[in-house]
Ligand SMILES: Cc1ncc(COP(=O)(O)O)c(C=O)c1O
């Protein structure tokens, strides 16, 4: 390495190298045997601290920070081996350093594919990715007629890096459409679901109840309970044509992995159509994690706007986009953009990721439902302790009897080297969350559910 490091930092780098050699050389079975253990062969080091971070980020045990990783495994600075059941921060579609993606990345670098460029000169891979996304939405069709079909997701705005910008871009399209179609309406209403998460943009946070004091009374945000058809009907009855858009996530990974019912989504489609409001599906969590690639297809609806991000590049580099019907195409070139949003190399990585999902569709389906079945057994084995299994396939929530139990379950999992998340910070929320990277195997699923069983027995 040509960079200059201090003596203690050289020790850190030695530790990283050793951890990497350890994790790369070990087979899945050996790694499973070591989950939760300290790997003593890795030399310890005095790792640098997080004191320069913002206060809210200086959480957790310093020794739990990442040292090296492979597939669904990682080793911490404290040299403990973890099994990651959440694909990083829900974005590493194929886990850490997937061999196919690594090989293609190396080939792409050798080929000289640029990391990034000006968004006015996107180049082959960015254009190819836009075509691929339309092709997935249109069940394989990409002839020019698709551009003429009104009810077709045929337009891609791909110049944005993060999901938050993608969500706010969708809202801008909805606002423009509202202005164009309903100029006489004095109030603009957005409907979403309680417990939603559409990113960190101001308006997206307003959708989940924040910043009420800075917005005018003309812009109304209504949140209803997921899957409550009565509330859905009431809100549409109350606001009618003042509604500009209805936002939802197919699986609410920020609200205990609640899966939306098909009936609810079909009713929402009917109601949005009846008042000419847009149906906006946020698939930042769900995209690339199901055999159909985009989960909206499971509801038999065509949304007006589809939002993609996170897993699209398998965590290589953030790249988000919205896909929508051509009649909504109202933004000017720089109205929604990120400097790194038209990047050729991340687009190439997204194409590789989509290729893997397409190739592995059957495996994703089989293993996803196997995992679901294994988790559901826990409801019968631990009645009164495990209340239900939520979500679908790999996006799953284990709902426990109450907040304390969920927090204790989470604490014990982390102690045993099983990395997962928990929603137990709001009244009534008591769910442990997993979203396995798609490299997961049957053995890993069996190992994990057995660990859950052991922990549940001890509660
Ligand atoms: C459903 C959903 N929408 C939007 C976002 C925001 O995406 P980003 O964090 O890339 O801005 C997230 C991120 O977690 C998400 O899960």
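Numbering (the working numbering), first residue to last: 6 to 464.
Here a beta-carbon is modelled for each residue, glycine too, at the ideal position from N, C-alpha and C.
Range of the contiguous beta strand (DSSP E) that encloses residue i
| i | result |
| --- | --- |
| residue 329 | 325-329 |
| residue 153 | Run containing residue 153: none; DSSP gives neither H nor E here. |
| residue 204 | Segment: none, residue 204 is in no beta strand (DSSP E) and carries neither H nor E. |
| residue 164 | 160-165 |
| residue 250 | 248-253 |
| residue 193 | 193-198 |
Spatial neighbours of residue i in its chain, beta-carbon cut-off 6 Å, leaving aside the 5 residues before and after
| i | result |
| --- | --- |
| residue 204 | 168, 169 and 172 |
| residue 320 | 93, 96 and 97 |
| residue 313 | 288, 292 and 326 |
| residue 50 | 16, 17 and 20 |
| residue 74 | 101 |
| residue 240 | 196, 227 and 229 |
| residue 164 | 124, 342, 346 and 347 |
| residue 253 | 198 |
Near ligand 2: residue i beta-carbon under 7 Å from a heavy atom
| i | result |
| --- | --- |
| residue 11 | With respect to ligand 2, the structure shown offers nothing to examine, as its ligands consist of ligand 1. |
Start-to-end residues for the alpha helix (DSSP H) that takes in residue i
| i | result |
| --- | --- |
| residue 209 | 207-212 |
| residue 372 | 366-386 |
| residue 393 | Counting along the chain, residue 393 falls outside any alpha helix (DSSP H), though it belongs to the beta strand (DSSP E) covering 391-397. |
| residue 268 | 267-279 |
| residue 112 | 104-116 |
| residue 237 | 234-244 |
| residue 94 | 92-95 |
Three-state class that DSSP yields for residue i in the structure shown
| i | result |
| --- | --- |
| residue 424 | strand |
| residue 32 | coil |
| residue 443 | coil |
| residue 309 | coil |
| residue 298 | coil |
| residue 227 | strand |
| residue 77 | coil |
| residue 403 | strand |
| residue 50 | coil |
| residue 319 | coil |
| residue 135 | helix |
| residue 215 | coil |
| residue 436 | strand |
| residue 173 | helix |
| residue 286 | strand |
| residue 87 | strand |
| residue 256 | strand |
| residue 44 | coil |
| residue 180 | helix |
| residue 336 | coil |
| residue 342 | coil |
Neighbourhood of residue i by C-beta distance below 7 Å, restricted to the same chain and skipping five residues each side
| i | result |
| --- | --- |
| residue 157 | 143, 151 and 330 |
| residue 351 | 318, 321, 322 and 324 |
| residue 281 | 186 and 246 |
| residue 380 | 394, 401, 403 and 454 |
| residue 110 | 354 |
| residue 10 | 18 |
8 Å CB neighbourhood of residue i in its chain, flanking five on each side removed
| i | result |
| --- | --- |
| residue 367 | 296 |
| residue 90 | 77, 423, 424, 425, 439, 440, 441 and 453 |
| residue 180 | 193 and 249 |
Inter-residue CB distance, residue i and residue j (contact presumed, cutoff 8 Å)
| i | j | result |
| --- | --- | --- |
| residue 358 | residue 317 | 7 Å |
| residue 298 | residue 141 | 5 Å |
| residue 256 | residue 264 | 5 Å |
| residue 187 | residue 246 | 6 Å |
| residue 391 | residue 400 | With a Cβ gap of about 17 Å, residue 391 and residue 400 do not count as contacting. |
| residue 218 | residue 207 | That belief does not hold up - the Cβ atoms of residue 218 and residue 207 are roughly 12 Å apart, past 8 Å. |
| residue 161 | residue 286 | Not confirmed; about 15 Å, so no contact. |
From the options, residue whose alpha carbon lies closest to that of residue i
| i | options | result |
| --- | --- | --- |
| residue 467 | 185, 427, 72 and 418 | A question about residue 467 goes unanswered here, because the residues of the chain that appear run from 6 up to 464. |
| residue 439 | 430, 457 and 9 | 457 |
| residue 445 | 252, 33 and 213 | 33 |
| residue 266 | 281, 227, 247 and 306 | 306 |
| residue 196 | 136, 121 and 277 | 277 |
| residue 78 | 122, 47 and 24 | 24 |
| residue 398 | 371, 113, 58 and 420 | 371 |
| residue 455 | 431, 435 and 423 | 423 |
| residue 465 | 70, 137, 29 and 45 | Residue 465 is absent from the structure shown; the chain starts at 6 and stops at 464. |
| residue 283 | 259, 362, 176 and 360 | 176 |
| residue 88 | 119, 126, 28 and 14 | 28 |
| residue 387 | 460, 430, 336 and 37 | 460 |
| residue 184 | 209, 224 and 220 | 224 |
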